[in-house]
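Undergrad:
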Amino acid sequence: MYAQMIKSEATQDDPVKLAVFQKRIDAGDKIEPKDWMPEGYRKTLIRQIGQHAHSEIVGQLPEGNWITRAPSLERKAILLAKVQDEAGHGLYLYCAAETLGVSRDELTEMLLDGRMKYSSIFAYPTLTWADMGAVGWLVDGAAILNQVPLQRTSFGPYARAMVRICKEESFHQRQGFDIMMKMVNGTAAQKRMAQDALDRLWYPSLMMFGPSDAESVHSEQSMAWKIKINGNDELRQKFVDQTVPQAEYLGLTIPDEHLKWNEDKGGYDFSQPDWSEFFDVLKGNGPCSTERIEARQKAWDNGAWVREARMAHAAKKRAAKLAAE
Amino acid sequence: MGDNTLVLGQRLSEWCGHAPALEEDIAMANTALDLIGQTQLWLGLAAERKGQGHSADDLAYHRDAWDFRNLLLVEQPNRDFGVTMMRQFLFDCWHLEALKALTAHADAEISAIAQKSVKEVTYHRERSTDTVIALGDGTEQSHKKMQAALDRLWPYVGEMFTADDDDLMDVAALRPGFDAHVMASLTEATLTRPDSDFAHQGGKTGARHSEHLGHMLATMQSLPRSYPDAKW
């Protein structure tokens, strides 16, 4: 889940219009950019889609960290294609957010000055090649669980962006699992890398779903608007239930001594991540938080002359064309 | 051919996640992907001809700098976006001419790789030409940066046309096609071709690479060299 702790914005609109709007949502209508919508709906969506887009862009960095060190030409090509897909996802999502009346540049500035967040998972480091497997397997796996239902979200451009993104994410998850398979069937050093990656990324992956619903005060309105489809705990449970057998298949141990099948609920009991660590990460105290924003800031600052020059050249061309007509 | 595409593909991939705009990031990754794909074909063929059960990965990951036969131009560091795109433009202009010549090569496998690559590189050249023109012509600042990039990289142009015994084609014959496209584009970009034709040599013969290649290989080859028994 790339959207965490999204605060629903209060709405002070005409009650009659609100009722009609809610009826459309309840009937499963898609809301399109030119349709009337409550201000709170618009603002919440900007925040959610923006955070999702930022997560894709910041998410390029931990995986980009290994492109130059990918251990074979084929692995290099696959990883490059994957990180390129993430940039593409960012692009569709920024475009979807732009239909709500905010520009990509404004969203970028809000990321850089800390007004907007990105998913906590990308504030963690990627330390060995096995992390390229574990990120695909666990992080993309967790993202898919949240994003598949979002294909049915009420806002048309967001739902359509999700359809395309989900197809690519499933592919990434399979690639990640494939790397894990190679690692666990490889040398002792490779097996050690695989277990180490799972040990480090397991709890940060569980955090991706956000804190427990009982503590999540913002979910109700978003669920009524079909911006959020499932509860955080429900998705986290689903993630654990699907991942445990995969870890067993890989011969890896999930770092949770309380992990146990619970026949009554038909799912696993498991330990919660350290939520104080999660809140620290959100405050910008993740292990790589400073580096991630620094990298984005540097790209933004160093790219300013390129963006300005492209605009200036396009304006000159337009002027020349007009003069010729 | 494979060392050129590998080294430049590796250089471009260093940009992933750091480009001036998302569209540039995607386009650069796309070019890098094409080049890595071409590397698999060229080095795959080289390994097959070499025999002894070698693979493209063996050639990419288990040779040292002195055995690389790439042009000095492609191993130059990215520096800023202007230098990266100028390097790309100059290489693409040579690369396209070289591939066109190789489509008619007597060896069917060489000709087949060239035919596949020509399509990709035609697009690479189109994009780098557009970029050089836009940034050369854009603002006073961008013009200065692009002229500085051209001045810095021009001494690496001559090597592309210096013949040696390992050439697959008559490289000197590629120059008129290169010059025609480069000069027309530089004019549109309001950039000035440097006067000096001094040319650094030693990349494609392997006799004297720049200091930069060793660092690139140290990064790129680190995993297969550290874990020679591992399969990835």
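Just so you know, the sequences run in chain order H and D.
Under my numbering, the first residue of the first sequence carries the number 13, and numbering increases by one thereafter.
Under my numbering, the first residue of the second sequence carries the number 3, and numbering increases by one thereafter.
Ideal placement from N, C-alpha and C gives every residue a C-beta, glycine not left out.
This structure is a prediction, so every number in the text was calculated from the model and none was measured.
1) Among D:N72, D:I38, D:L73, D:D153, which has the Cα closest to the Cα of D59 of chain D?
2) Pull out every residue of the stretch 55–85 of chain H whose Cβ sits closer than 7 Å to any Cβ of chain D, in chain order.
3) Just to confirm the assignment, what range does the beta strand (DSSP E) spanning G279 of chain H have?
4) At what residues does the alpha helix (DSSP H) containing W287 of chain H begin and finish?
5) Count the other CB atoms, across all protein chains shown, that sit within 10 Å of the CB of E99 of chain D; report buried if there are 16 or more and exposed otherwise.
6) Check whether chain D comes within 8 Å of G315 of chain H, counting only Cβ atoms and requiring the distance to be less than that.
7) Give me the DSSP bridge partner(s) of N274 of chain H.
8) Please classify T124 of chain D as buried or exposed, where buried requires at least 16 other C-beta atoms within 10 Å of its C-beta.
9) Counting C-beta neighbours from all protein chains within 10 Å, is the total for R89 of chain D 16 or more, i.e. buried, or is it exposed?
10) My guess is that L92 of chain H and C18 of chain D are in contact by the Cβ rule of under 8 Å, so how many angstroms apart are they, rounded?
11) Since I believe P161 of chain H is in contact with I241 of chain H (beta carbons under 8 Å), could you give me their beta-carbon distance rounded to a whole number of angstroms?
12) Since L218 of chain H and P285 of chain H are thought to touch, with beta carbons under 8 Å apart, how far apart are those beta carbons, to the nearest angstrom?
13) Hey, which unbroken runs of the alpha helix (DSSP H) at 4 residues or more fall wholly within the stretch 115–196 of chain D?
14) Rounded to the nearest angstrom, what separates K272 of chain H and G278 of chain H at their Cα positions?
15) Please list, in chain order, the residues of the stretch 56–67 of chain D that have any C-beta partner in chain H closer than 8 Å.
16) Using beta carbons (cut-off 8 Å, strictly below), is N32 of chain D in contact with chain H?
17) What residues in its chain sit with their C-beta under 6 Å from that of Q233 of chain H, if we drop five residues either side in the sequence?
18) Following the continuous alpha helix (DSSP H) through W149 of chain H, name the residue where it begins and the one where it ends.
19) Under 9 Å, CB to CB, which of the residues in the stretch 257–273 of chain H have a partner in chain D?
20) Please confirm if D5 of chain D has its CB atom under 8 Å from at least one CB of chain H.
21) Can we say the stretch 123–141 of chain H touches the stretch 56–71 of chain H, given the rule of at least three CB pairs closer than 8 Å?
22) Which full runs of the beta strand (DSSP E) of 3+ residues lie inside the stretch 195–274 of chain H, going along the chain?
23) Applying the 10 Å Cβ sphere with the 16-neighbour rule, what's the burial state of Y261 of chain H?
24) How would you list, in chain order, the residues of chain D whose beta-carbon sits under 7 Å from the beta-carbon of H325 of chain H?
25) Say whether the stretch 190–203 of chain H touches the stretch 151–160 of chain H, bearing in mind that this needs 3 or more beta-carbon pairs closer than 8 Å, one atom from each stretch.
26) Jot down the residue ranges of each uninterrupted alpha helix (DSSP H) in the stretch 33–84 of chain D, minimum 4 residues, whole runs only, in chain order.
27) Mind checking who I43 of chain H pairs with in its DSSP beta bridge?
28) If I follow the unbroken alpha helix (DSSP H) through S15 of chain D, where does it start and stop?
29) Excluding the five sequence neighbours on either side, which residues of its own chain have a C-beta within less than 8 Å of the C-beta of L294 of chain H, listed in chain order?
30) Look at the alpha carbon of E118 of chain H and the alpha carbon of D27 of chain D, and state the distance between them as a whole number of angstroms.
31) Quick one: residues in its chain with C-beta nearer than 6 Å to the C-beta of M174 of chain H, no 5 flanking neighbours on either side, listed in chain order?
32) Got a sec? Which residues, its chain only, sit under 6 Å from P45 of chain H by beta carbon, not counting five neighbours each side?
33) When the Cα atoms are used, what is the spatial distance from P216 of chain H to A209 of chain H?
34) Exposed or buried, what is P12 of chain H when buried is set at 16 or more other beta-carbons lying within 10 Å of its beta-carbon?
35) Quick check on D47 of chain H: buried or exposed, where buried means 16 or more other Cβ atoms within 10 Å of its Cβ?
36) For F221 of chain H, collect the residues of the same chain with a Cβ closer than 6 Å to its Cβ; drop the 5 residues on either side in sequence, then sort them by chain order.
TA: Working from what's here:
1) D:I38
2) Q72, L73, G76, I79, T80, R81, P83, S84, L85
3) 279–281
4) 287–292
5) buried
6) yes
7) H:G279
8) Classification for T124 of chain D: exposed.
9) Around the beta carbon of R89 of chain D, 16 or more other beta carbons sit within 10 angstroms, so the residue counts as buried.
10) 7 Å
11) 4 Å
12) 5 Å
13) Listed in chain order, they are 142–155, 177–190.
14) 11 Å
15) A58, D59, A62, Y63
16) yes
17) S20
18) Run containing W149 of chain H: none; DSSP gives neither H nor E here.
19) none
20) no
21) yes
22) Runs of the beta strand (DSSP E) inside the stretch 195–274 of chain H: 272–274.
23) exposed
24) A136, D139, G140
25) no
26) 58–63, 74–77
27) H:F167
28) 4–15
29) Q16, M17, K129, S132
30) 19 Å
31) So the list reads Q159, L162, Q163, once near-sequence residues are dropped.
32) T111
33) 11 Å
34) There is no way to answer for residue 12 of chain H, as the model of chain H reaches only from 13 to 337.
35) Classification of D47 of chain H: exposed, given that the 10 Å Cβ count is below 16.
36) M13, N244, L247, R248
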